[in-house]
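Counting from 1 along the sequence shown, just add 1 to a position and that's the residue number in our numbering. Below you'll find the structure, written out as structure tokens, and then a few comments.
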Amino acid sequence: MLRRINSLTKTGDANFAEIISHTFWAVLMLGGATVLQFVFDLILTHSYGAHGAGVFYLGFSVLMVLALIGRLGLDQAVVRFIPPLLKINPGAASGVRRAAVELSLLLTIPLAIGLFVAAPWLATEVFHSDELTIYLRIFALAVPPFSLMYVFSGTLRSMKHTRAALSIERAGMYTFGILAIITLGRLYGLGGLVSGFVVGLFLTAILGALHIHRYMPRFKQLIPFSRKQLLIVSAPLLFVAFATQMNGQASVLILGAVSDNASVGIFNIALKVSMLMSLILAAVNVIAATKISELYSAKQKEELDIMISKISALGTAVGLPLFIFMSVFSTFLLGLFGHEFKAGALALIILTAGQFVNVAVGSTNYILAMTGHEKALSIAVGLSLLLNIILGLVLIPPLGVLGASISASAAMISGNIIMVVMVKKYLDVWPLPFKYMAKWIKAVSL
2 MLRRINSLTK TGDANFAEII SHTFWAVLML GGATVLQFVF DLILTHSYGA
52 HGAGVFYLGF SVLMVLALIG RLGLDQAVVR FIPPLLKINP GAASGVRRAA
102 VELSLLLTIP LAIGLFVAAP WLATEVFHSD ELTIYLRIFA LAVPPFSLMY
152 VFSGTLRSMK HTRAALSIER AGMYTFGILA IITLGRLYGL GGLVSGFVVG
202 LFLTAILGAL HIHRYMPRFK QLIPFSRKQL LIVSAPLLFV AFATQMNGQA
252 SVLILGAVSD NASVGIFNIA LKVSMLMSLI LAAVNVIAAT KISELYSAKQ
302 KEELDIMISK ISALGTAVGL PLFIFMSVFS TFLLGLFGHE FKAGALALII
352 LTAGQFVNVA VGSTNYILAM TGHEKALSIA VGLSLLLNII LGLVLIPPLG
402 VLGASISASA AMISGNIIMV VMVKKYLDVW PLPFKYMAKW IKAVSL
């Protein structure tokens, strides 16, 4: 049987074989980054409790939203434009990267200043927590580097340097975060932790720039890339990225506005644990976006259709047993963060169900984004976000953490259903796992 399972990855499909190869390393990197994140969360929650964790994650949520706006969807746009250019004109590929960095800085610097000035109002009027002011002002300093981290990671992914990309996007932030907790956090409390965390974001962005300098092919002359053309593609992707991020953060922000910091801390930990479900899809997406762009540009539709179906099947095969495990042991998993976090066990099961659907349909968002259907994608995620906000406003005030989990999960499932229909409409292929799951089960059972 082991021989039959091993043969499933040796089907003669070079594109899927490349996906598997990069996914293997991405899983290791993402697994390591996830361990770092969990260690960070464990130390944070045990050091500062649910209240302190809630304060930290409220400030961090605001940072994520502003950095998301500041990168303008450019982290996805570079993945679309750079791969074809690398083969024919590295100077033009580098021009795309430079234009993306310049556009990001033009927006993130004013956003950082705006957050610094508006911090007292946000803390008192929106989140009803005066102590949050100083933390928001410290986080404001990190808006430009945090945005650039993702632009640099996207550039590295477009060059298929997945390990370097993930070290910048995931591992670096929490490595420096852990160091911040055990040094500045112990000396100066939560303020020291936030300050050290922000310094870590600056250092991670610098490492990203150094990686790009190392891996970008040498060229005789840098060819400027049209900012207008980049914005035409990145603007819809900005909305997509914003709505996708807000589908997780909207519930956090609404919960923070109508409930206490402890509830925010419990929900945020449950949300992060549920995202273990999407680890395999995140690993696949590191290379999938680049492969989709390559195959679509080369007009290799049959190969693209096969790869889309196999990605969905792979996600389902890995995701189903993980979903069962996390549902059965939800109380135990949250109990690792402290006794008070066990109250989020049911919320974790609901959030995990939404993540399973997300994994089962595969890379639908990247399929639409990398094939020129950014507007269709923006409609899907926009409707999902709207549903999340409406359900959140209705359910979170009376149900708290449970209401937040229902609204977030329902929005994710609805958005994925819409994207599946759109992929069928525009590319004439169902991004569903059934075809290849049936083949793989038959091959293993024979």
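C-beta atoms are modelled at their ideal positions from N, C-alpha and C, and glycine is treated no differently.
Would you tell me roughly how many angstroms separate the C-alpha atoms of residue i and residue j, rounded to the nearest one?
i: I21; j: A258; result: 43 Å
i: L392; j: F243; result: 18 Å
i: G60; j: F128; result: 10 Å
i: T134; j: V265; result: 17 Å
i: K426; j: S279; result: 25 Å
i: G96; j: E295; result: 19 Å
i: H374; j: I380; result: 10 Å
i: R81; j: A299; result: 13 Å
i: K196; j: T353; result: Note that residue 196 is Ser in the sequence shown, not Lys. Their backbone Cα atoms lie some 32 Å apart in a straight line.
i: S235; j: A18; result: 30 Å
i: L43; j: Q250; result: 20 Å
i: A411; j: A165; result: 34 Å
i: A78; j: A284; result: 19 Å
i: S275; j: L223; result: 43 Å
i: G193; j: L202; result: 14 Å
i: I312; j: P85; result: 22 Å
i: W122; j: E341; result: 30 Å
i: T163; j: A405; result: 33 Å
i: I414; j: M247; result: 15 Å
i: G209; j: G71; result: 17 Å
i: R5; j: L315; result: Its pLDDT being 48, under 50, R5 is placed unreliably by the model, and nothing is read from it.
i: W431; j: S364; result: 12 Å
i: V66; j: P399; result: 26 Å
i: L188; j: G50; result: 17 Å
Taking 8 Å as the threshold (C-beta atoms), are residue j and residue i in contact?
i: M150; j: E132; result: no
i: T156; j: I207; result: no
i: I293; j: T176; result: no
i: K229; j: G92; result: no
i: A113; j: V144; result: yes
i: S48; j: I179; result: no
i: L231; j: A101; result: yes
i: D76; j: S154; result: yes
i: T109; j: G339; result: no
i: Y58; j: N269; result: yes
i: I255; j: L394; result: yes
i: Y367; j: N286; result: yes
i: R158; j: T291; result: yes
i: I288; j: K161; result: yes
I believe residue i touches residue j by the beta-carbon criterion, under 8 Å. Please report the beta-carbon distance rounded to the nearest angstrom.
i: A457; j: L335; result: There is simply no residue 457 to check, as the chain begins at 2 and stops at 447 in what is shown.
i: I267; j: A344; result: 6 Å
i: L87; j: A94; result: 5 Å
i: V200; j: G74; result: The pair is not a contact, with the Cβ atoms about 27 Å apart (cut-off 8 Å).
i: L347; j: L386; result: At roughly 24 Å, the Cβ-Cβ gap does not stay under 8 Å, so L347 and L386 are not in contact.
i: V362; j: G416; result: Contact doesn't hold; Cβ gap of about 10 Å is too wide.
i: N262; j: V118; result: No, N262 and V118 are not in contact; Cβ-Cβ is about 24 Å, not under 8 Å.
i: V63; j: L116; result: 7 Å
i: V360; j: I281; result: 7 Å
i: F357; j: F326; result: Wrong, their Cβ atoms sit about 11 Å apart, outside the cutoff.
i: S260; j: G401; result: 6 Å
i: I174; j: T125; result: Here the sequence assigns Met to residue 174, which means Ile is not the residue at that position. With a Cβ gap of about 29 Å, M174 and T125 do not count as contacting.
Please identify the residue among the options whose C-alpha is closest to the C-alpha of residue i.
i: T317; options: F435, P85, P237; result: F435
i: V36; options: L321, K273, I312; result: K273
i: L369; options: G53, M420, L231, N269; result: M420
i: M438; options: V319, P399, V422, L400; result: V319
i: K376; options: M423, I414, L349, I350; result: M423
i: G355; options: I407, K302, L211, L29; result: I407
i: D306; options: S328, L321, D429; result: D429
Counting only C-beta atoms, is residue i closer than 8 Å to chain D at any point?
i: P146; result: Going by chain labels, chain D is absent from the structure shown, which holds only one protein chain.
Any chance the CB of residue i is under 7 Å from a heavy atom of the ligand NAP?
i: L347; result: In the structure on display, the ligand NAP does not appear, and there are no ligands present to speak of.
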